[in-house]
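Asks: Note that numbering that gives the first Met the number 0 numbers the sequence shown so that position 142 is 141, with each residue one more than the last.
Beta carbons are placed, not taken as given, at the ideal position from N, Cα and C, and that holds for glycine.
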Amino acid sequence: MSNKFKNKYKINSVRLKNYNYSQNGMYFVTICTNDHEHFFGEVLDGKMILNDVGKIIDKLWQEIPKYFPFVRLDAYQVMPNHIHGNLIIIQNDNVEARFIATKNETLDTRFIATNQDAINLVSAGGVTGKNNPMINSNSLAKVIRWYKGRCSFEIRHADAMNRVSTIWQPKFYDHIIRNDESLNKIREYIINNPKNWEEDKNKIENIFM
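Here is the structure:
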């Protein structure tokens, strides 16, 4: 288990300020409940049993591509107090994506370029203009904002949480998947999450790998 996941989450901003989250790429996303409350069900014998709230969480995750056609789903798992999932952003289905390295090999990030793009390197400085993940029309942040908001709306509409005011933590965690090796490890982690719950449930930092 790499400490970089834990350390990255504990800082004020959990997202890379100089990275364009609207470009083609695959992202490992974790969204946690407020105060890590177990809102979505329970794990029994290594299997996640969704309650009514968890079923809404699961249903709406599957509906993300319906509202955001540039997003594809990969492995995901709803847990009692969080959801993990891999999201693939593909702005052009006719473009073949490939992994390429960034200028700084020590960065825990690699860009994904296409055969229609020039190699794109990280520029210095903070997020400005079109790279701002909070305003870009097809950004990862916009997808997660919609998902969290829609979940909250449907859960309250169904009166499924006895009027709990806040469901989610304000932020979410993301990791840019760099290559097939990383992807396979993350998929295995997601799939085995329920089996490892007894070991991890009292270790909040383990939620983020």
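(1) Which residue from Asp-51, Cys-31, Lys-46 and Arg-149 puts its Cα closest to that of Lys-194?
(2) Using only CA atoms, which one of Lys-54, Asp-34, Ile-30 and Tyr-146 lies nearest to Gly-40?
(3) Whole angstroms are fine: how far does the CA of Arg-155 sit from the CA of Ile-24?
(4) Is there at least one Cβ from chain B nearer than 8 angstroms to Glu-180's Cβ?
(5) For the beta strand (DSSP E) holding Val-142, just list the boundary residues, first then last.
(6) Give me the Cβ distance between Tyr-26 and Asn-85, rounded to the nearest whole Å; I'm assuming they're in contact under 8 angstroms.
(7) For Gln-76, tell me which candidate among Glu-198, Trp-196, Asn-192 and Asp-199 has the shortest Cα-Cα distance.
(8) Who pairs with Thr-165 in a beta bridge, going by DSSP?
(9) Kindly indicate which three-state DSSP category Glu-36 falls into: helix, strand or coil?
(10) Hey, Thr-29 and Phe-38 are a contact pair by Cβ (cut 8 angstroms); roughly how many whole angstroms apart?
(11) Can you say whether Ser-210 is buried or exposed, counting buried as having 16 or more other CB atoms within 10 angstroms of its CB?
Replies: Answer, in terms of the structure:
(1) For the residues Asp-51, Cys-31, Lys-46 and Arg-149, the minimum Cα distance to Lys-194 belongs to Lys-46.
(2) Looking only at Lys-54, Asp-34, Ile-30 and Tyr-146, the smallest Cα-Cα distance to Gly-40 is reached by Lys-54.
(3) For the sequence presented, residue 24 should be read as Gly rather than Ile. Cα to Cα, the separation comes out at about 33 angstroms.
(4) In the structure shown, chain B cannot be found, because there is only a single protein chain.
(5) Premise fails: Val-142 lies in the alpha helix (DSSP H), 139-156, not in any beta strand (DSSP E).
(6) The Cβ separation is near 7 angstroms, so the contact holds.
(7) The shortest Cα separation from Gln-76 among Glu-198, Trp-196, Asn-192 and Asp-199 belongs to Asn-192.
(8) Note: Thr-165 sits in no beta bridge, so no partner.
(9) In the structure shown, Glu-36 sits in coil (DSSP, three-state: anything other than H, G, I, E or B).
(10) Not a contact, Cβ separation roughly 15 angstroms.
(11) In the structure displayed, the chain extends from 0 to 208; residue 210 sits before or after that span and is not available.
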